[in-house]
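Peer 1:
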Amino acid sequence: MRTLIGAVAATLLLSTAAFAGQTEGLIKKIDKDTATLTLDDGKSYKLNAETDLDSLKPGMDVVIAYDETNGENIVTDMELPDTE
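Read in order, the letters of the sequence shown correspond to residues -20 to -1, 1 to 64 in mature numbering (1 follows the signal peptide of the UniProt record, and there is no 0).
1. Compare the C-alpha of I54 against each of D62, P38 and E30 and name the closest.
2. Looking only at its chain, what residues have a beta carbon closer than 7 Å to the beta carbon of G39, apart from the 5 residues adjacent to it on each side?
3. Which whole-angstrom value is the C-beta distance of V42 and L27, which I expect to be below 8 Å?
4. Among the residues of its own chain, which have a CB less than 8 Å from the CB of A45, if the five just before and after it don't count?
5. May I ask you to list the residues that DSSP assigns as paired with G1?
6. Just to confirm the assignment, what range does the beta strand (DSSP E) spanning M58 have?
7. Apart from the five residues just before and just after T18, which ones in its own chain have a Cβ nearer than 7 Å to its Cβ?
8. I'd like to confirm something about A(-1): is its beta-carbon nearer than 6 Å to some heavy atom of the ligand HEM, or not?
Quick look at the structure:
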C-alpha cells in the first residue's frame, strides 16, 4: 500500500513540474498590456516584469529560454541581437 501511495505522489509531482525549453525566431507581435510576445511560428511567451518592453521590436531575431508552467510559456532568459 505504501508503494502505491508513493507512486501516486511521485506522479502528481511530475505532472506539475515545469518543462524547460529553448527556441528562436522573429518577434511577430508584442502585447505590452499582457507582457506577452508572439514569435513568427505563432507561439506566445509571457515576459517577466523586469523586461524592458520598449527594447523589443517586431522583426527582431531572439533566442528565448522558457519554462512551460500551467500551460503557459514563461520566459526565463532572452538573447537579443547585437545593436551597433
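Think of the CB as a built atom: it goes at the ideal place given N, C-alpha and C, for glycine as much as any other residue.
Just so we're clear, the structure is a prediction, and the values are computed from it rather than from any experiment.
Peer 2: This is what the structure gives:
1. Translated into the one-based positions of the sequence shown, residue 54 becomes position 74. The candidate whose alpha carbon is nearest that of I54 is E30.
2. Here the question's residue 39 lines up with position 59 in the sequence shown. So the qualifying residues of the chain are L6 and I7.
3. Stepping through the sequence shown from its first residue, residue 42 is reached at position 62. Stepping through the sequence shown from its first residue, residue 27 is reached at position 47. At roughly 11 Å, the Cβ-Cβ gap does not stay under 8 Å, so V42 and L27 are not in contact.
4. For the purposes of this step, residue 45 is taken as the residue at position 65 of the sequence shown. Sequence-distant Cβ neighbours of A45 in its own chain, meaning closer than 8 Å and more than five residues away, are A(-1), G1, Q2, V55, T56, D57 and M58.
5. For this step, residue 1 is matched to residue 21 along the sequence shown. Paired residues: Y46.
6. As a position in the sequence shown, residue 58 is number 78, starting the count at 1. First-last of the beta strand (DSSP E) with M58: E52 to E59.
7. In the sequence shown, residue 18 corresponds to position 38, counting from 1. K8, K9 and S24, listed in sequence order.
8. Ligands are entirely absent from the displayed structure, and the ligand HEM is therefore not among its contents.
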